Each structure stands twice: as C-alpha cells, then as structure tokens.
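2 protein chains.
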Amino acid sequence: MLVLTRSLLVLTATGIGLFLGSASAQTADEHTSEVKRIMDHASYKEAVKFIDGDYDRVIAEGIKLTEIPAPPFKEEKRAAAYAQMFKDVGLTDVEIDPEGNVLGIRKGTAGDGKFVAITAHLDTVFPEGTDVTVKREGTKLYAPGIGDDTLSLAINLGYIRALNSAKIQTKEDILFVGTVGEEGLGDLRGVRYLFTKGKYKDKIKAFFTVEGGGITSVTNGGIGSKRYRVTYKGPGGHSYSAFGLVNPAFALGEAISLFSRSFVPAKPKTTFNVGVITGGTSVNSIPFEVSMEVDMRSESDAELKRIEERLLTIVQQAADTENFARSTKEGKITVKAELIGDRPSGSTAETQPMYQFTKAALEANGYKPNYSWGSTDANMPMSLGIPALSIGAKGPDKNGRSHSLDEWADVEKGPFVKGMNTALIPLLAVTGLQ
Amino acid sequence: MLVLTRSLLVLTATGIGLFLGSASAQTADEHTSEVKRIMDHASYKEAVKFIDGDYDRVIAEGIKLTEIPAPPFKEEKRAAAYAQMFKDVGLTDVEIDPEGNVLGIRKGTAGDGKFVAITAHLDTVFPEGTDVTVKREGTKLYAPGIGDDTLSLAINLGYIRALNSAKIQTKEDILFVGTVGEEGLGDLRGVRYLFTKGKYKDKIKAFFTVEGGGITSVTNGGIGSKRYRVTYKGPGGHSYSAFGLVNPAFALGEAISLFSRSFVPAKPKTTFNVGVITGGTSVNSIPFEVSMEVDMRSESDAELKRIEERLLTIVQQAADTENFARSTKEGKITVKAELIGDRPSGSTAETQPMYQFTKAALEANGYKPNYSWGSTDANMPMSLGIPALSIGAKGPDKNGRSHSLDEWADVEKGPFVKGMNTALIPLLAVTGLQ
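Keeping their order, the protein sequence lines are chains A and B.
The letter at position 193 of the first sequence is residue 193 when you use full-length UniProt numbering, and the numbering goes up by one with no holes.
The letter at position 156 of the second sequence is residue 156 when you use full-length UniProt numbering, and the numbering goes up by one with no holes.
Right, here's the structure in full:
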C-alpha cells in the first residue's frame, strides 16, 4: 500500500532528502497518508493529550514572555529568559549566539549533521517604554506583541514538552530558535546571521517559523521589501527672523503627500508605508534635519522596483520644489535616501514536502489553508533555496491588530489546542516521527 | 539751557515718572541732551574704560555659560552658575525664583519700590545632547546659543562690574534677571511668572532685555504668536497585512504640504513654521500617532488670525482627505490641534523715553537703529503697557544663524566694546545716572 510504502520509505530512507528534495517523485496522496500515519500514531495521540493538559502553562508562559519588553535591537532580557526556558524543557547546546538568537537542540535518532529548524521571533515592533502588560477579557488577551509573535515562543516550548512527555523520537535533529530582529529595522538580522554567519550556517535543511497568525495562515512566499530612511537637511534658522528660508519639514510633507497618492496593484500585492517621522529641535526653529522611514513590499519584484523608483523620484522632486519655493541663500535642502532594509524574496514551491504535509495536516483537521506571501524569518531560507514555511499554530482568526497597541489574541482553549495539535503534524512529518 | 534744565529735571524730579510717563512733555532734543550728559559724565567714561579692560572676562564668561547646556525647561545648571555669578559681582537678594529665573538687585539711591529690570534669557532652543562646545575661528565664536542669548548674560555681568568699578550710583533700583523659557515651548514662562506671579509682580516700571542681535537691533514691538501641536491619530496596524488602512503620517504630510503653500504678507510681517515632527513606532507599522509643532507670528493680529484659521482648516481637511483616501474600517484618522503657545503682543511707543534714549544713544555713536518687531521677553511687559525694549549690546551685524547649529557671534573687540558702551547709555538714562 502506498501509505505503508511511504511510511517504510520514511523509516528506511538514507535521509530526509526524500522529503525535502525529491518532492516531484511523490504524490499528494503520499503526504496525506503520512499525515494519517502520524495522526494515528500512539505517540502523537499521547502528545495531543499532553498539550490539552499543558494549555494553561503555555498561556502563562506566553503572558510571562509578552511582559518582558523586547523592542527592536533590545531583545536581551527576553532572550535570557527564553534561553533559561530552553534549558528547563531539556534542550541541549542551549546558547545565545553573538547576534542574540536563542538556540537549543533536540537530538534525533539518525541526524545527518543537518537540522530542521523550528523557530519563533523574540522581538516586537514596540519601542522601549511601551506598556506591555497583558490585559485579559474573557478568553481574549490584549498586549503589544502578544500574537506577533510571543505566544509562538511559548507554543514551541509546549511542543518540546509534548515531545518529551510522549517520548517522541524524531529522525532528524531539531534546532529550536528564538530569533532576534525579525521586525522592522531588525531587517531579519537574527535569521540572516543564522544562515550566513552562525555555527549552524549550511546546516539547516528545512525551516519552520511559527508566526503570529492562526493555524490556517500559511506563508509560502517571502515578500521582498525595501526600506528607506529619507533625510532632508537644510540650513535651519529662526522661525521668525529667518522666515523665508527653505524648510526641510515642508519638503518632507510634500514628499509624504505625493507618496501617499501612489497607486499600487492589489495583485500582485504591493504595499507602502511611512512608519516613522522625526526631526526638528524646537517649534520656533526651522528644522535643519527631518526624516521618515518608509517600508515597501511586493509579491512582485517588478512592482517593488516600480514603487521604489517612484519613492526615489518623489523625494528628490520634493527637495527641488522646496528649493524653488523659498530662499536658498543660507543653503539648499538636500535629501538622502538610505536603504535600511532589503529583505530577500523567495518562495517554497507547492511541490515541496513541507508544503504538502502542512496542507494535508490542515485539511485532515477540517481547516482550509490560506496561503499567502509575507515578510518573515522564512524569507531568508527561501531566498537561499532552502524549503521554509511560516505557519500559525493558534486557532484560526483568533488574533488581530498586530503591530498596533490594541493587538489581541483570543486563546479560547478548544481552537487554541486544536491549532497546536494540527501544526505539530507537519513538524513531525518533516522531522520524521519514528 | 535746555540740556541743563533737562539734567536738573533728572536730578530733582520726584520720580522716574518723568522719564517713563511724561514723554509727551519732552522733546527729542531733551533725550539727546541727557544722552550727551551721560557720555560726558566722568563716571560713564570710567565705566567705558573698565569695559575695555574687562572685555576678555566678558567673553570668557560668555563661553563658560554657553558650554553649560540650557535646553528648554532644563535651564537649572546654567541658572545655578548664573546665580553664583550674580553673587560674585555683588548683587543683593540673589535668588532663583520658583519658575527658575535668576534674580538679583542693585540698589539705587532713591528707589520708590519699583524696579527697572535689565534681563537676558538663560534658555536656548537646543535639546539635550546638543554639542555646545564653543569653537573659535579668529574673532568668531561658533556654538548653539552663543549669540541668542548667552553672550548677553555675560554682558549684563560686565555692566554690573563696570557700574561698581566706576562707583556709579543710579537713582532707580535695578532688578537684574536671567530668565527661563524665553524660547519655543517655554512660551515666555519665565517673564510671564515675573510679571504675573513672582514677588516683583507690579513692581517693575521699565524693562530692558538684552537680546541676541547687535547694537543696531532694537525691538520695540512684541509680535503676537500662536503655537500649535497638531496630532493625528489612527488605528495603526501592520504595514503589509493591514495595508489600505488610513495612515496618520499621510494626513500629516498632506497638512504640511498644504500649509507650506500659504501666502503671508511681507508687511505686516507674518511668518509660519513647522518646527518639530514626530511619530510612529517602527518602519513596518502604520503609525497610530504622529504630530507636528507649528509656530505662527505676525505684526498684525488680523494676519495672525488669518494664518491660524488657515492652519486649523487645513489640518481638518487633511484628516478628511485621508479618511476618504483609505479604509476606515478599523477606525478613522482624528486630529487634535492643541494651542501650546500664545504670546501676547504689544509695543513701546516712539514717544516713550526709553525708546528716545536708545535712539539718541545709538545715533550719538554713529549707529542707525534698526527697529523691528520680535517675540522676546519684552512681549510680556509690552502687553501689560509697561515700557519695554529688546536691545542688542554687541557689535552690529556681528552674529548670525541664530537657532541653527552653526550659530555664530563675531566678538572682535572694537565693535563689541563699542556696542556695550552704547547700550549702557539708555540703561543709565532710564535708571537715572546720578
């Protein structure tokens, strides 16, 4: 029987290469069969039972981690707490690498020196001083970063405890990671380090990141993004006595106004944002420097290039306009557009086993996967041709307002636990449940 | 002889009321004569000689004070140093009042319980962390705040030493003040406290403030100003997944762009400025809040009202535009325009003795006074009908780039000392050189 054959193949194959590399030789049915094998497996059932009993602890740890602020470039405290949690759940080789990522290993039975990475990101978008106290209303938790991505950190801890409790052995060595710098100006610095500089560089053959969405959110494309800091400088001066001189805030306002009127297609999805503005020293001084931070993303490299070129045209045009509108006798407005983020794009083909396992696992549990492109830690391996997916493990449509102060996650037990149980299946399929 | 008569009047009059209140009874010639009397006076000549020898010390103290940062609302350190300097030059009743102003008295021979105030302001426009190191190139000193207004603090100390050294007695009690909060959001808080709450409230009958300009800069009109903090709020959200929601930065950009295109008349001089912008939390989040600080001034109340109304119209219009341009399903853009500065206007009539003495002193020394309106500590007494002038005591056209990082003052000895000597004359005329 094909299912059995498939299972035998899993058990006897010389490597996970069969799953990762030879997808074209497999059929969707084979993935469905493997998912069924896992769901019927006594160890998986034991893990599911454990997860049900462990739910309160996962939520408590999620709240605990959420309330340790992890602003961009300042994830140290949360990382230290997470490293201790990795040790407490029995991972080996626990360390915080030089970039700040938290790493730990759960050995497999037949690892080949390459790892399947299961990750979540430590950082949030929120600056220092943001109130990160978790507020609960019924089953809803409100806090900046609760959904994106702190509960995922706790979910991964729950998975490790479940594997241990159910005495599950995987064929592959698993590298669990809490990454830094996934958000904003972090520019994927954690995962970038992992794949290009760290000790596990060239040793990761498949990559899952558990992200902020629910179980039906599967991100199989890494959206390319370009981020700029655009700085206008001018001579500055007294708002009254030097009135009439060029004002960099006027140039910036003009640039934002023009940029806000840009057309971008809904498909391929293309977006643009002015996320941060800053500048000037006092209300009665013409600023000598103002700046904005701009984020642009697209599923299409051509569209990304189009909006990027438009931005670069506009910002120069706004400087020129201001230099024509007011006096430049003390100096002109100058503009600098500095590339501060350049996220690689890539995708994981439908034919990849990890894609098929995830699809089959969701469908077997009555979910309809919602595939999308995103900008996550998975961009990095995707851009390197390493199979990678960003998945969700919470209940579907049970979180929202990510990156806003009223971010929330509904952790109603039934959907939450079912989401965790379902997402565990592709993880076990790719790591090779023995 | 009119001059003598005039001098006798000075010596025998029952009060300074003759100088301050009965200008209409005097002719320009009488003021010219009094200026001549002072310039011929042995004590004045002695003071002039002293100022020449004291020059190095004035400059050194100006540099010392400039290098003690005095950002808005954070003048404490400079105030403490200045209070000590007031004590060192022998002022009595030296104190720092509850608002932070530094006060000290030099008693006159026939004070009537009311004071002539001679002031300069302690604060600069520059925020904490600004490099305030003074750089010297030849006779030019470069530093933020050097001209506006720190050298004036040192000049006033020089005047006190000169009066003491020349054993000059004035009829009037003099209240020397280093004020806080003259700049920006300080909104004249120091001088406002002095005239409306402090212990010398209702006890100041004439007011000189030594300001950043040179000797020919005489500010006899206090420009009214209105200052607003305009804040746009919106729902915020993820720059990619929530793309399409209203963005407060876009509304702000639109408002700035429209505002930058406002027409204001050159006469009556009317100005507008966007001085500070801030907002947003990360490049990949739609901001939930952004704001700008706006300064508007006019010699004409009607023009000030006109530009103020235009601003208030524009900021609402920009919110409406953004609410029409993008989705409001998670919430609309709201705008709040908060009045953060409202400086009173007023003027000191040409017929006032202090105006005439200043004019005569400048002309007697070969200077052509350049009268203007400004926004200085003198606005406050002017608005209360108390005679007040903002004068300069440095060389003419020897400073520039006020409120910018490359602010400079040329302290070439000849023009500097001549400026000081000239400005001393109206001070002595109004305080009554015995």
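Virtual Cβ for every residue (Gly too), placed ideally from N, Cα, C.
Model, not experiment: these values are computed from the prediction.
Residue-chain proximity (residue i, chain B), Cβ-Cβ < 7 Å
i                 : result
Gly-432 (chain A) : no
Thr-321 (chain A) : no
Thr-422 (chain A) : no
Residues that residue i contacts on chain A, provided the C-beta gap is smaller than 8 Å
i                 : result
Ser-402 (chain B) : Gly-237, His-238, Ser-241, Ala-242
Gly-253 (chain B) : Leu-252, Gly-253, Glu-254, Ala-255, Ile-256, Ser-257, Phe-259, Ser-260, Val-274
Thr-231 (chain B) : The premise fails here: Thr-231 (chain B) is roughly 13 Å from chain A at the closest Cβ pair, so nothing lies under 8 Å.
Residue-chain proximity (residue i, chain A), Cβ-Cβ < 7 Å
i                 : result
Gly-181 (chain B) : no
Ile-307 (chain B) : no
Pro-387 (chain B) : no
Val-94 (chain B)  : no
Val-290 (chain B) : yes
Ile-160 (chain B) : no
Leu-304 (chain B) : no
Gly-392 (chain B) : no
Ile-204 (chain B) : no
Arg-297 (chain B) : yes
Val-417 (chain B) : no
Chain B residues whose Cβ lies nearer than 8 Å to that of residue i
i                 : result
Arg-78 (chain A)  : Chain B residues near Arg-78 (chain A): none, gap ~17 Å exceeds 8 Å.
Thr-32 (chain A)  : The contacting residues do not exist; Thr-32 (chain A) stays about 30 Å from chain B at best.
Ile-223 (chain A) : Tyr-240
Amino acids of chain B, ordered along the chain, whose beta-carbon sits closer than 7 Å to that of residue i
i                 : result
Glu-293 (chain A) : Val-283
Ala-249 (chain A) : Ile-256, Val-274, Ile-277
Thr-271 (chain A) : Ser-239, Tyr-240, Phe-243
Gly-280 (chain A) : Gly-275, Val-276, Ile-277
Residues that residue i contacts on chain A, provided the C-beta gap is smaller than 7 Å
i                 : result
Ser-375 (chain B) : Tyr-240
Cross-chain neighbours of residue i in chain B, by beta carbon under 9 Å
i                 : result
Phe-324 (chain A) : The premise fails here: Phe-324 (chain A) is roughly 12 Å from chain B at the closest Cβ pair, so nothing lies under 9 Å.
Arg-227 (chain A) : Val-283, Asn-284
Amino acids of chain A, ordered along the chain, whose beta-carbon sits closer than 9 Å to that of residue i
i                 : result
Ile-286 (chain B) : Asn-273, Val-274, Gly-275, His-403, Ser-404
Note to self: If contact is defined by three or more beta carbon pairs under 8 Å, each pair taking one atom from either stretch, is the segment 241-259 of chain B in contact with the segment 306-325 of chain B?
What the structure shows: The segment 306-325 of chain B is in contact with the segment 241-259 of chain B.
Margin query: Suppose only complete runs of 3+ residues qualify. What are the beta strand (DSSP E) ranges in the segment 374-422 of chain B, listed by chain order?
Written below: As far as the segment 374-422 of chain B is concerned, its whole beta strand (DSSP E) runs of at least 3 residues are 388-391, 408-410.
Notebook entry, point to check: Using a Cβ cut-off of 8 Å, which residues of the segment 53-79 of chain B contact any Cβ in chain A, in chain order?
Noted result: So the close ones are Pro-72.
Notebook entry, point to check: At a cut of 8 Å, does the segment 129-137 of chain B reach the segment 79-90 of chain B through at least three beta carbon pairs?
Noted result: No: fewer than three Cβ pairs fall under 8 Å.
Margin query: To be precise: take each residue of the segment 106-134 of chain A, compare its Cβ to all Cβ atoms of chain B, and keep it if any distance is under 7 Å. Which residues remain?
Written below: When C-beta distances to chain B are compared with 7 Å, the residues of the segment 106-134 of chain A below that value are Val-125, Phe-126, Pro-127, in chain order.
Notebook entry, point to check: Three or more C-beta pairs closer than 8 Å, one from the segment 268-278 of chain A and one from the segment 235-250 of chain B: is that the case here?
Noted result: Enough Cβ pairs lie closer than 8 Å, so yes.
Notebook entry, point to check: Listed in chain order, which residues of the segment 325-353 of chain B have Cβ atoms closer than 9 Å to some Cβ of chain A?
Noted result: Within the segment 325-353 of chain B, the residues whose Cβ lies closer than 9 Å to some Cβ of chain A are Ala-325, Arg-326, Glu-330, Ile-340, Gly-341, listed in chain order.
Checklist line | Continuous beta strand (DSSP E) assignments of at least 3 residues falling wholly in the segment 144-220 of chain A | finding: Entirely contained in the segment 144-220 of chain A, the beta strand (DSSP E) runs reaching 3 residues are, in chain order, 173-179, 204-210.
Notebook entry, point to check: Got a sec: which bits of the segment 174-198 of chain B sit with their beta carbon under 7 Å from any beta carbon on chain C, in order along the chain?
Noted result: Structure shown: chain C not included; protein chains present are A and B.
Item checked: In chain order, each beta strand (DSSP E) run of at least 3 residues that lies wholly inside the segment 307-388 of chain B -> With a minimum length of 3 residues, the continuous beta strand (DSSP E) runs that stay inside the segment 307-388 of chain B are 334-343, 370-374.
Note to self: Just to confirm the assignment: which complete alpha helix (DSSP H) runs, minimum length 4, are found wholly within the segment 230-302 of chain B?
What the structure shows: Listed in chain order, the complete alpha helix (DSSP H) runs (minimum 4 residues) inside the segment 230-302 of chain B are 248-260.
Notebook entry, point to check: Do the segment 178-188 of chain B and the segment 60-78 of chain B touch if we need at least three Cβ pairs shorter than 8 Å?
Noted result: Judged by Cβ distances under 8 Å, the segment 178-188 of chain B makes contact with the segment 60-78 of chain B, as three or more pairs qualify.
Check: Is the segment 139-153 of chain B touching the segment 112-129 of chain B, taking contact as three or more C-beta pairs under 8 Å?
Finding: Segments in contact, yes.
Notebook entry, point to check: Is the segment 194-202 of chain A touching the segment 92-105 of chain A in the sense that three or more CB pairs, one from each, lie closer than 8 Å?
Noted result: At 8 Å Cβ cutoff, the stretches touch.
Next item on the list: Would you be able to state if there are at least three C-beta pairs under 8 Å between the segment 215-228 of chain A and the segment 400-407 of chain A?
Entry: Not touching, per the Cβ criterion.
Margin query: Under 8 Å, with one C-beta from each stretch per pair, do the segment 207-217 of chain B and the segment 374-388 of chain A reach the 3-pair mark?
Written below: Contact fails: fewer than three Cβ-Cβ distances are below 8 Å.
Next item on the list: Report yes or no: do three or more beta-carbon pairs, one from the segment 198-207 of chain B and one from the segment 288-303 of chain B, lie closer than 8 Å?
Entry: Put simply, the segment 198-207 of chain B does not touch the segment 288-303 of chain B. Fewer than three CB pairs are less than 8 Å apart.
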